[in-house]
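Presented below is the structure to which this report refers.
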Amino acid sequence: MKAQNSMQAETLNSGEEKKEGKFKIFRESLGVFLFNFGELLAGSLAVFFISLVLTRPWVIMIYPLVLGVRGAVNGVLSGRLSTGLHVKLIEPSLRKNTRYYYSILASICTLSLISSLTIGAVAFILSSTFYGTSITEFSLIIFSCIVIKAIALLVTAPFTSFLGFFAFRKGLDPDVIVYPISSMVADIWATIAYISTLSLAFSFGQIGNILLYVIGFGFIFTVFYLTYKFRTHAEYWKTLREAAFSVLVVGFIEAIGGFFLSRVKVQIERSPGILLIYPALMATTGSAGAIFGSISTTKLVLGMTEPKFRGIKNELSDLTQIGASSFIMYLIYSLIAFAKEGSFIAFSIPLLCFLIIFPAMTIIVFSMAILTFVKGLDPDNFVIPFETALTDTLLTLTLTSLIMMFYLA
């Protein structure tokens, strides 16, 4: 195995790098980040349905949780997919794939249910504590979160898999391609699922509520069936053991950001420009971290990077290229916010967020990749989920802090 890893590492270090050029990561990451313009559709949907989004404090509170924990679950899938393709544990095909691949898909469904319950419980606790939400809304909150996740998973899991297989077949790096593009599609679809589910909950009366509970119980039954079917598959339980903890912690971390976002909902309603670019900011930050995290974890598996913090010096070239492409995107988002709001404050906030978040993301991602690798855990189950949660929450906290600082001054 070590010899095989050394051969793969040598190939990646020499032949591929020379063939593709010095700025391969910059070109690929920027090309991928351009897909994050699609996140503006998610933001536009949230702005268009802003009266629905602001119906209850818990409704706006769960939006970053839906995006964030969805990103964490999809991050586990994309990370395992990328590494699995590199080390031949997964075949680049949706049909007749390996037991390893199907076990991961089944575990992703279970993780989605776990994250739904976490999101719902945390949202209810915070909403009832700070906004006086009645206990009668508990089941509505829980099942709303379950249905959002079920609808989102229906598209994101097949799309993420197909994208990884397509990239691998075309000679592109799945570490760079998979998560960022699938994240964009997942965020748009998660927002559609979010709006659709809220419509069932609040706009279609009793019929909508009945349909909401039917879909929710259907997803719960599906997860129980998959758990029974894959009960003897070690990879299924390994993914759950390692990633379930990540998803639970991510839910609590994202809840902090969701709570702070709910505290500035009045300012968001008056100045929706930040809400417009909010999903795009989250996606670009998460994608940058995911690219760096996937590259780092793959190099650790292949023995190309030393599992110590000083090993980051071997990543500086990739990191600089990722940072440069990320900054370009943040600059564009700043211009969009300026066009929407017409103020220098709206232009400055995204750039200030980048300057705070990107250095922090670098330290978090590489430290976690090393720690999990040294402890013998699968970094793909930890690095992307935690990086996504921490950067998403840091982004939300920074945004809300700057909004309160500038708009309430």
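1334 is the number of the first residue of the sequence shown in my numbering; add one for each residue after it.
Glycine included, every Cβ here is placed at the ideal spot set by N, Cα and C.
Our two residues, L1387 and Q1600, have alpha carbons roughly 12 Å apart in a direct line. Taken atom to atom, the span from the alpha-carbon of P1491 to that of P1507 is near 15 Å. Its chain contains S1445 as the residues whose beta carbon lies nearer than 6 Å to that of L1486, once the 5 sequence neighbours on both sides are disregarded; these appear in chain order.
Of the residues G1538, F1463, M1615 and K1598, the one whose Cα lies closest to the Cα of I1383 is K1598. In the assembly as shown, I1696 is an exposed residue. Its beta-carbon has fewer than 16 other beta-carbons within 10 Å.
Collapsing the DSSP output to three states places D1520 in a helix. Ranking T1451, M1694, L1609 and F1592 by CA distance to the CA of E1720 puts M1694 first. In the three-state scheme derived from DSSP, where H, G and I count as helix and E and B as strand, E1639 is classed as coil.
With a cutoff of 9 Å on beta-carbon distance, F1660 and F1691 are scored as near each other. Secondary structure at S1627: helix, using DSSP grouped into helix, strand and coil. The three-state reading of DSSP puts S1658 in helix, counting H, G and I together. In summary, A1670 is buried, with 16 or more beta-carbon neighbours lying within 10 Å of its beta-carbon over all protein chains present. When V1518, L1367, G1636 and R1360 are compared, the shortest CA-CA separation from I1665 is found for L1367. It is roughly 10 Å from the alpha-carbon of A1456 to the alpha-carbon of I1393. Per DSSP, the continuous alpha helix (DSSP H) segment holding K1598 begins and ends at K1598 to R1603.
The beta strand (DSSP E) runs lying completely inside the segment 1445-1479 and spanning 3 residues or more number zero. By the criterion of a C-beta distance shorter than 7 Å, L1728 is surrounded in its chain by L1614, M1615, T1618, C1686 and I1690, once the five residues flanking it on both sides are discounted.
Counting along the chain, the unbroken alpha helix (DSSP H) around N1542 starts and ends at G1538 to K1562.
Annotated three-state conformation of G1408 is helix, per DSSP. When only Cα atoms are considered, V1380 and F1535 end up about 17 Å apart. Sorting A1526, I1479 and F1680 by C-alpha distance to the C-alpha of G1551 places I1479 at the top.
Exposure of K1503 is indicated by the presence of fewer than 16 other C-beta atoms within 10 angstroms of its C-beta.
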